[in-house]
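Before any comments, here is the structure.
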Amino acid sequence: MTNKIMLLIVSICTLFLNTTFGQNNGKLGVGDIAPEIRFSKWLKGPQFNNFDPQQVYVMEFWATWCGPCKAAMPHLTELQKRYNGKVTFVGVNVWEKISKGESYETVVPNVEKFVKGNDANMGYTVIVDDKEQYMGNNWLKAAGQNGIPASFIIKDNRIVWLGHPQGIDAVLPKVLDGSFDAESFKLEADKAAQKEREFMEARMALLNPIQEALAAKDFDKAFILMDKLIADKPDFKKMMDLTRFKILVNEVSEKEAVLFATKSLATKDITPPLILSEVYKVEGLSSETYLWVTDLFREDEEIKNPLVADALATCYAKGDNFAKAINMEKKAIEIAEQALKDGTMVGTVMDYTVEEYKNKLALYKQGRLK
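With mature numbering (1 follows the signal peptide of the UniProt record, and there is no 0) as the guide, the letters of the sequence shown map in order to residues -22 to -1, 1 to 348.
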């Protein structure tokens, strides 16, 4: 299987509630001894190999592609400052997208770049999972955590709480003063985990045949299965339409992709931003296809997201309309610089983001993509 196909399947599986990454067995839970810490690189903070019984730890699992993870970072930094000396917060990078057969260590440079660029918003210890993805497998998957962000609170070398980081504020003071009822929480957590397992098993029973067909590059079969799923479960239509579009534009036919997307746009099952987010990354399409995507956005439309402006500029450039590419990249730079000034879009727009946009602008002014 080619790396392109594998990465595409990984991307599509992310739509399926991270099922590729987070299928769970629920063997790890509240009251259990915390697994060991393994890492490919310790990026920030004092290094330690064992949990100190005199210290409470919050293990926060995240990825660079995870919007909610990035949104939580400033608050985690505030909590680390508030509980400094009592609680150690550790950001554990997991589940970055890699090709089949690649070591997870290959993601270290990009993760390190992200952490350095987001240094002010990550005022706590940060590590990257090891080459076998031990942390993702033996912490998250073992605990039945199907998505990120996810947090574990460790006290006396045992897991006393796990869940979404939004719950940390209410729990942590009680953990520190000894009033947190871990047994009651465990009972409720076990019930919730059982419901989650049942939900995921039912979901995977529906989605596994499609993933298997995609892995075998039997796209016709995959499309038939998607149609059947939509007929049986209409709620899946938006997900399946986006999945089909990704397959068509990357692997089958850009003409078919455009025809399909046009129909899906009419029913509002696919939106212009979703189409843009996929097409601008694809190489080798016709100028007409790239410009078809830009035409989905009105010229007088106010664009407030620099990522959208940058992606549109890319499509204009790939469509050989460098005049509009230049104007749109300037807009991307303007919005990104304002976001940095205002402190918005944390973890998404950083100093190096603006530099990358400026480098693209310089190329577009020369009538070049690279």
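No residue lacks a Cβ here, since even glycine has one placed at the ideal position from N, Cα and C.
Checklist entry - Looking at the structure shown, is MET(-22) part of a helix, part of a strand, or coil, going by DSSP? => result Reading the sequence shown from its first residue, position 1 is the one you call residue -22. Because MET(-22) sits at a pLDDT of 45, beneath the cut-off of 50, its placement in the model cannot be relied upon, and the following sentence gives the value as read from the coordinates. Residue state, collapsed to three classes: coil.
Checklist entry - In chain order, what residues of the same chain lie with their CB nearer than 8 Å to the CB of LEU(-6), ignoring the 5 residues before and after it? => result Along the sequence shown, one-based indexing puts residue -6 at 17. Reliability of the predicted coordinates at LEU(-6) is poor, the pLDDT of 45 falling under 50, and no value is obtained from them.
Item to check | GLY101 classed as buried or exposed, judged by whether at least 16 other C-beta atoms fall within 10 angstroms | outcome: Mapped onto the sequence shown, residue 101 falls at position 123. Per the 10 Å Cβ criterion, buried.
Item to check | Closest residue to LEU165 among VAL138, ALA191, LEU269 and ASN186 (Cα-Cα distance) | outcome: Along the sequence shown, one-based indexing puts residue 165 at 187. Nearest C-alpha to LEU165: VAL138.
Item to check | Proximity below 7 Å, CB of LYS38 to CB of GLY69 | outcome: Walking along the sequence shown from the start, residue 38 turns up at place 60. Walking along the sequence shown from the start, residue 69 turns up at place 91. Correcting the residue identity first, residue 38 is Glu in this sequence and not Lys. Yes, the Cβ-Cβ distance between GLU38 and GLY69 is below 7 Å.
Next on the checklist: Pull the bridge partners of ALA128 from the DSSP assignment, please.
Outcome noted: Here residue 128 is taken as the residue at index 150 of the sequence shown, counted from 1. According to DSSP, ALA128 bridges with PHE39.
Next on the checklist: Our contact map puts VAL8 next to ALA160 with C-beta atoms below 8 Å; I'd like the distance itself, whole angstroms only.
Outcome noted: Here residue 8 is taken as the residue at index 30 of the sequence shown, counted from 1. Here residue 160 is taken as the residue at index 182 of the sequence shown, counted from 1. Yes, they are in contact, since the Cβ atoms of VAL8 and ALA160 sit about 6 Å apart, within 8 Å.
Checklist entry - Taking DSSP as the reference, what is the three-state secondary structure of TRP73? => result By 1-based counting over the sequence shown, the position of residue 73 is 95. TRP73 falls in the coil class under three-state DSSP.
Item to check | Integer Cβ distance of ASP107 from PHE17, believed to fall under 8 Å | outcome: Indexing the sequence shown from 1 puts residue 107 at position 129. Indexing the sequence shown from 1 puts residue 17 at position 39. ASP107 to PHE17, Cβ: 7 Å. Contact.
Checklist entry - Per DSSP, which one or two residues make a beta bridge with VAL286? => result As a first step, residue 286 must be located in the sequence shown, where it is residue number 308. Bridge partners of VAL286: none, in fact.
Checklist entry - First and last residue of the alpha helix (DSSP H) that includes ARG60? => result The residue given as residue 60 occupies position 82 in the sequence shown. 45 to 60 is the span of the alpha helix (DSSP H), which, as asked, contains ARG60.
Item to check | Nonlocal neighbours in the same chain, by C-beta distance under 8 Å from GLU266, ignoring five residues either side | outcome: Numbered from its first residue, the sequence shown carries residue 266 at position 288. GLY297.
Checklist entry - What's the C-alpha gap between LYS259 and PRO151? => result If you number the sequence shown from 1, residue 259 lands on position 281. If you number the sequence shown from 1, residue 151 lands on position 173. Roughly 45 Å separates the two Cα atoms.
Checklist entry - How close, in whole Å, do the beta carbons of ALA310 and TYR294 come, if the pair is a contact with beta carbons under 8 Å? => result In the sequence shown, counting from the first residue as 1, residue 310 sits at position 332. In the sequence shown, counting from the first residue as 1, residue 294 sits at position 316. Incorrect: roughly 11 Å between the Cβ atoms, too far for contact.
Item to check | Where THR103 sits in the DSSP three-state scheme | outcome: Sequence index remark: in the sequence shown, residue 103 carries index 125 (1-based). Reduced to three states, the DSSP call for THR103 is strand.
Checklist entry - Where does VAL271 sit, in a helix, a strand or coil, going by DSSP? => result Counted from its first residue, the sequence shown places residue 271 at position 293. Note: VAL271 maps to helix in three-state DSSP.
Checklist entry - By Cβ distance below 8 Å, which residues in the same chain neighbour TYR342 in space, the five residues on each side in sequence not counted? => result To locate residue 342, count along the sequence shown from 1; it is residue 364. Closer than 8 Å at Cβ, skipping near neighbours: ALA291, ALA295, PHE300, ALA303, ILE304 and GLU307.
Checklist entry - Does the separation of the CB atoms of ASP219 and ASP247 fall below 7 Å? => result Along the sequence shown, read from residue 1 onward, the residue named residue 219 stands at position 241. Along the sequence shown, read from residue 1 onward, the residue named residue 247 stands at position 269. Yes, Cβ-Cβ distance for ASP219 and ASP247 is below 7 Å.
Next on the checklist: Does ASN2 come out as helix, strand or coil in the three-state DSSP assignment?
Outcome noted: Position 24 of the sequence shown, counted from the start, is the residue given in the question as residue 2. With a pLDDT of 46 at ASN2, under the threshold of 50, the modelled position of that residue is not reliable, and no figure is offered here.
Item to check | Nearest residue (CA-CA) to GLY12, options ARG136, PHE163 and LYS19 | outcome: On the sequence shown, residue 12 is found 34 positions in, with the first residue counted as 1. A quick correction: the sequence has Ala, not Gly, at residue 12. If we check each option's Cα against that of ALA12, ARG136 comes out closest.
Next on the checklist: Once DSSP output is grouped into helix, strand and coil, what is the label at GLY345?
Outcome noted: For the purposes of this step, residue 345 is identified with residue 367 of the sequence shown, where counting begins at 1. Reduced to three states, the DSSP call for GLY345 is coil.
Item to check | Same chain only: Cβ atoms within 6 Å of HIS142, ignoring 5 sequence neighbours per side | outcome: As a working note, residue 142 is residue 164 in the sequence shown. There are no such residues.
Item to check | Rounded C-alpha distance that separates THR103 from VAL236 | outcome: Locating residue 103 in the sequence shown gives position 125, where the first residue counts as 1. Locating residue 236 in the sequence shown gives position 258, where the first residue counts as 1. Whole-angstrom Cα-Cα distance: 46 Å.
Item to check | Cβ neighbours of LYS31 in the same chain (closer than 7 Å, five flanking residues each side left out) | outcome: The count along the sequence shown starts at 1 and reaches residue 31 at position 53. The identity of residue 31 in the sequence shown is Pro, whereas the question assumes Lys. Contacts found: ASP134 and ASN135.
Next on the checklist: Please state the DSSP three-state secondary structure of ILE313.
Outcome noted: For this step, residue 313 is matched to residue 335 along the sequence shown. Here ILE313 sits in helix by DSSP.
Item to check | Boundaries (first-last residue) of the beta strand (DSSP E) holding LEU140 | outcome: On the sequence shown, position 162 is the one that residue 140 refers to. First-last of the beta strand (DSSP E) with LEU140: 136 to 141.
Item to check | ARG276 classed as buried or exposed, judged by whether at least 16 other C-beta atoms fall within 10 angstroms | outcome: Here residue 276 refers to the residue found at position 298 when the sequence shown is read from its first residue. Looking at its Cβ environment, which holds fewer than 16 other Cβ atoms inside 10 Å, ARG276 is exposed.
Next on the checklist: Between the alpha carbons of VAL34 and GLN172, how many angstroms are there, rounded?
Outcome noted: The residue given as residue 34 occupies position 56 in the sequence shown. The residue given as residue 172 occupies position 194 in the sequence shown. Those two C-alpha atoms are separated by around 28 Å.
Next on the checklist: So, for PRO52: in the same chain, excluding its five sequence neighbours on each side, which residues have a beta-carbon less than 7 Å away from its beta-carbon?
Outcome noted: Locating residue 52 in the sequence shown gives position 74, counting from the first residue. Counting only Cβ-Cβ distances below 7 Å, and skipping sequence neighbours, we find ASN99 and VAL324.
Checklist entry - Under the DSSP definition of a beta bridge, which residues are partnered with THR66? => result As a position in the sequence shown, residue 66 is number 88, starting the count at 1. Beta-bridge pairing links THR66 to TYR35.
Next on the checklist: So, at 6 Å on beta carbons, what are the nonlocal neighbours of ILE281 in its own chain, with the 5 sequence-adjacent residues on each side left out?
Outcome noted: If you number the sequence shown from 1, residue 281 lands on position 303. Answer for ILE281: ALA287, listed in chain order.
Next on the checklist: Against chain B, with Cβ distances strictly below 7 Å, would ALA340 count as a contact?
Outcome noted: Absence of chain B from the displayed structure is noted, only one protein chain being present.
Item to check | Local conformation of PHE238 per DSSP, three classes | outcome: Locating residue 238 in the sequence shown gives position 260, counting from the first residue. Residue state, collapsed to three classes: helix.
Item to check | Straight-line gap, MET113 to TYR82 (C-alpha atoms, nearest Å) | outcome: Taking the sequence shown and counting its residues from 1, the one referred to as residue 113 is at position 135. Taking the sequence shown and counting its residues from 1, the one referred to as residue 82 is at position 104. Taking the straight line joining both Cα atoms gives about 11 Å.
Checklist entry - Between ALA317 and VAL327, is the Cβ-Cβ spacing less than 7 Å? => result By 1-based counting over the sequence shown, the position of residue 317 is 339. By 1-based counting over the sequence shown, the position of residue 327 is 349. Against a cut-off of 7 Å, the Cβ pair of VAL327 and ALA317 comes out as a contact.
Item to check | Simplified DSSP state of ILE11, which is helix, strand or coil | outcome: Within the sequence shown, numbered from 1, the residue matching residue 11 stands at position 33. Looking at ILE11 - three-state DSSP - the assignment turns out to be strand.
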